[in-house]
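As numbered in the UniProt record's numbering, residues 1 to 380 make up the sequence shown, in order. The C-beta atom is built at its ideal place from N, Cα and C for all residues, glycine as well. Working notes, structure below.
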Amino acid sequence: MTAVSADPSAAPETLRVDLGDRSYDILVGAGLLGGAGRLMAPVLRQKRVFIVTDETVAGLHLGTLTAALDAAGIRHDAYIIAPGEASKSYATFERLLNAMLEARCERATTVVALGGGVVGDLAGFAAAALLRGVDFVQVPTTLLSQVDSSVGGKTGINTPFGKNLVGAFHQPRLVLIDTDTLGTLDRRELLAGYAEVVKYGLIDDPAFFERLERDGTALIAGDEAQRRAAILTSCAAKARVVAEDEREGGRRALLNLGHTFGHALEAECGYGGTLLHGEAVAIGMVMAFDLSARLDLCPAEDAARVRAHLAAVGLPVTPPRLEGARLDTDRLIAHMASDKKVAEGKVTFVLARGIGQAFLTRDVAPEALRATVAEAVAAS
Ligand SMILES: NC(=O)c1ccc[n+]([C@@H]2O[C@H](COP(=O)([O-])OP(=O)(O)OC[C@H]3O[C@@H](n4cnc5c(N)ncnc54)[C@H](O)[C@@H]3O)[C@@H](O)[C@H]2O)c1
Ligand SMILES: O=C(O)C(=O)C[C@@H](O)[C@H](O)[C@H](O)COP(=O)(O)O
Ligand SMILES: [Zn+2]
């Protein structure tokens, strides 16, 4: 796959996720939120939506959305959750569903997720469960959600046993990406999203990774054309994989590059903001490449390049410490046993033969895994 070219003056762009009668469009453009009512209207089964957002996004962008819905004559209710990963919980899920029922949502009501991946995953799962399933629309407002979580229909919540262990595949009816919303996002969150952008290059698009090595700093600094191009390239890559393997029977698991390690780090750090998902993925991708190099599958120079680029833009590349203490290697490895990619007791790893050459394997010597995790922890 080649990177989409950057053109700041271009009109909204449409990508299609091809899934038969569950196909949908991804619209990408500046200022789309202001026209959200008009853009959503064609996919609504009744002129009524139920918006889910978080406190931060509500303060910044909910007014624009509700004004746009009013202008299109679309009735709306809103439910506002606390920001952050801790809201992807049974407790918030229950409160949200009760609010939807109290508002007398009907089967033809559409749920609108306005926010980052936390809002999208939670609201999407609630939409999958409400009245046994209602439609939903993704309006992602973080870089991470614009390049990854809003596309593909993975929805869910975290559990005491690990990340995203309860959820549903439930595709949105539309994804509306207003690139202007990134203007209010802070640098740490932007960088976390950038890690998932880099992931697409590392999986199967070495030219994209090279381009990010060159232009990543400008993208992060606010270059609109670079952002738009990276969002389009990322969404196109994700749409293609999802269309091939919607329910992760095989190839889709490549999108989990860095996540087996990353989810273990997130679980160990708790979901209170010590480590963001994208930060965990950055560290996890470094560990996946280090493990690949340790197993002589991948040139050590490629692993070094991955680490160098992520570090150069300001992402973490070693696990954090918790209250000054290093994380525990055995506990991290134990978390990996509850990865969704475990089959017959064995974890499926996403490793790489080089940059842009990711592959799946269940054949990883436990000693090599342990040495990689121990080395990462020791460097923290
Ligand atoms: N479903 C999937 O395919 C998929 C893919 C990747 C990640 N995820 C999930 O996504 C979640 C992470 O998503 P995230 O990184 O978007 O985090 P998030 O939803 O917690 O958003 C990050 C923070 O940014 C704030 N925010 C959102 N939009 C803003 C804006 N425009 N301006 C200012 N602040 C804004 C939020 O209030 C929040 O505090 C994780 O739970 C991860 O597991 C899911
Ligand atoms: O869409 C996918 O497939 C992905 O793997 C995207 C990941 O970035 C995302 O974090 C996903 O939630 C992880 O997969 P999970 O099945 O372990 O939840
Ligand atoms: Zn992810």
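Suppose contacts are defined by Cβ-Cβ distances below 8 Å. Is D54 in contact with V118 by that definition?
Yes, Cβ-Cβ distance for D54 and V118 is below 8 Å.
Is any heavy atom of ligand 4 found at a distance shorter than 7 Å from the C-beta of D205?
This structure does not include ligand 4; its bound ligands are ligand 1, ligand 2 and ligand 3.
Among all the DSSP beta bridges, which residues are the ones paired with T109?
None; T109 has no bridge partner.
Report the option in I283, G156 and G133 whose CA atom is closest to the CA atom of L310.
Cα-wise, what sits closest to L310 is I283.
What's the C-alpha gap between A368 and A71?
Their Cα atoms are separated by approximately 59 Å.
Does the distance from the C-beta atom of L174 to that of M285 stay below 8 Å?
Contact flag unset, no.
With DSSP as the reference, identify every bridge partner of I157, one or two as the case may be.
Paired residue(s): V166.
Put K199 into one of helix, strand or coil per three-state DSSP.
Reduced to three states, the DSSP call for K199 is helix.
Going by alpha carbons, who is nearest to V134 out of A36, V49 and A378?
Considering only alpha carbons, the answer is V49.
Contact check, L143 vs L182 under 8 Å by CB: the rounded distance?
Right, their Cβ atoms sit about 6 Å apart.
Apply the 10 Å Cβ neighbour rule to Q171 and answer buried if 16 or more other Cβ atoms are within range, or exposed otherwise.
So Q171 ends up on the buried side.
Would DSSP call Q226 helix, strand or coil?
The answer is helix: DSSP assigns Q226 an H, G or I state.
If you run the structure through DSSP and keep just helix, strand and coil, what is Q171?
Reduced to three states, the DSSP call for Q171 is coil.
Is T83 near ligand 1, judged by its Cβ being under 7 Å from some heavy atom?
In the sequence as presented, Thr is not what sits at residue 83; that position holds Pro. Flag set: Cβ of P83 near ligand 1.
Quickly, what does DSSP pair V28 with across the bridge? List them, please.
Note: V28 sits in a beta bridge opposite E13 and I177.
Over the uninterrupted beta strand (DSSP E) stretch that includes H76, give me the two end residues.
Run containing H76: R75 to I81, per the beta strand (DSSP E) assignment.
Under three-state DSSP, which class holds G115?
Strand.
Just the C-alpha distance for G216 and L315, rounded to the nearest angstrom, thanks.
If you take the alpha carbons of G216 and L315, they lie about 12 Å apart.
Whole angstroms is fine: what's the gap from V151's alpha carbon to V137's?
Near 10 Å, if we compare the C-alpha coordinates of V137 and V151.
Does DSSP put V377 in a helix, in a strand, or in coil?
Three-state DSSP puts V377 in a helix.
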